[in-house]
Amino acid sequence: MPHIFSHLRHETLESETRLDTQPAASIITGMGLKGTELILDVGAGIGYVSLPLARDFQQSTVFSMDLQHEMSMLLHSRIMETGLDNVSGITGTVHTIPFQPGSMDVVFMVNVFHELEDLPKAMSEIRRILRPGGTFWVVDFQKINGSFGPPIEERFSPVEVEQLVKDASPSMSLAQRHEHHEWYQLGFRRD
Ligand SMILES: C[S@@+](CC[C@H](N)C(=O)[O-])C[C@H]1O[C@@H](n2cnc3c(N)ncnc32)[C@H](O)[C@@H]1O
Numbered sequence: 433m434p435h436i437f438s439h440l441r442h443e444t445l446e447s448e449t450r451l452d453t454q455p456a457a458s459i460i461t462g463m464g465l466k467g468t469e470l471i472l473d474v475g476a477g478i479g480y481v482s483l484p485l486a487r488d489f490q491q492s493t494v495f496s497m498d499l500q501h502e503m504s505m506l507l508h509s510r511i512m513e514t515g516l517d518n519v520s521g522i523t524g525t526v527h528t529i530p531f532q533p534g535s536m537d538v539v540f541m542v543n544v545f546h547e548l549e550d551l552p553k554a555m556s557e558i559r560r561i562l563r564p565g566g567t568f569w570v571v572d573f574q575k576i577n578g579s580f581g582p583p584i585e586e587r588f589s590p591v592e593v594e595q596l597v598k599d600a601s602p603s604m605s606l607a608q609r610h611e612h613h614e615w616y617q618l619g620f621r622r623d
């Protein structure tokens, strides 16, 4: 059973180490957005990526979903503080996503893939809500003893993620790959 990152540790999602090592701006740039997309952030936590994304692309609509109600409540307060009206927080699981088929242009998950309980179900849901040609981004930790993140035995390499996504959802193909020392970003295109 994968380990879920607890809301009690939410402050570490914005630690100095993380800000230096995995800046949200780098993740956002890596997605190459037009700026008008409908976007779902799966396992959004306290909005480390969702909030700057919504601020930088105010013509986009960002839905930030997290499994833990407490995390969503923290995110909700932060959204209220920003005054942004193009981002909203939802409590929910990737295993049953509360959106219509083909409704999203982009789905992304940052440091969440290694926590998923049922990958085939998660991929089937992501595929269902993505429009044809839509993109699914996985950002996760390199399989090394890094300066932050889960123990090495809980991590997947980019090659493992590529294979797992392909096995779970053959209609998703790897379209882009950005490698960093401590993390990677893979972009899959839905047929
Ligand atoms: C390590 S945190 C990352 C949070 C955020 N993406 C970030 O980069 O700061 C992982 C988050 O994924 C959420 N999560 C884990 N499994 C999930 C699922 N099945 N559906 C939705 N969220 C999930 C957890 O509740 C946790 O908040």
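Residues in the sequence shown are numbered from 433 upward in steps of one, following this note's numbering.
Just so you know, even glycine gets a beta-carbon here, dropped at the ideal spot from N, CA and C.
Which stretch, first to last residue, makes up the alpha helix (DSSP H) that contains residue i?
i	result
residue 514	501-514
residue 484	482-488
residue 461	456-463
Just to confirm, does residue i get its C-beta within under 7 angstroms of one of the non-hydrogen atoms of ligand 1?
i	result
residue 525	yes
residue 457	no
residue 481	yes
residue 606	no
residue 437	yes
residue 543	yes
residue 570	no
residue 445	yes
residue 536	no
DSSP three-state label for residue i, please.
i	result
residue 522	strand
residue 534	coil
residue 597	helix
residue 549	coil
residue 603	coil
residue 433	coil
residue 586	helix
Is the CB-CB distance between residue i and residue j below 8 angstroms?
i	j	result
residue 509	residue 555	no
residue 573	residue 587	yes
residue 485	residue 494	yes
residue 565	residue 621	yes
Kindly indicate the opening and closing residues of the beta strand (DSSP E) around residue i.
i	result
residue 493	493-498
On the three-pair Cβ rule with 8 angstroms, is the region 495-510 touching the region 471-479? yes
For the 8 angstroms Cβ check, are there 3 or more pairs between the region 537-555 and the region 513-521? no
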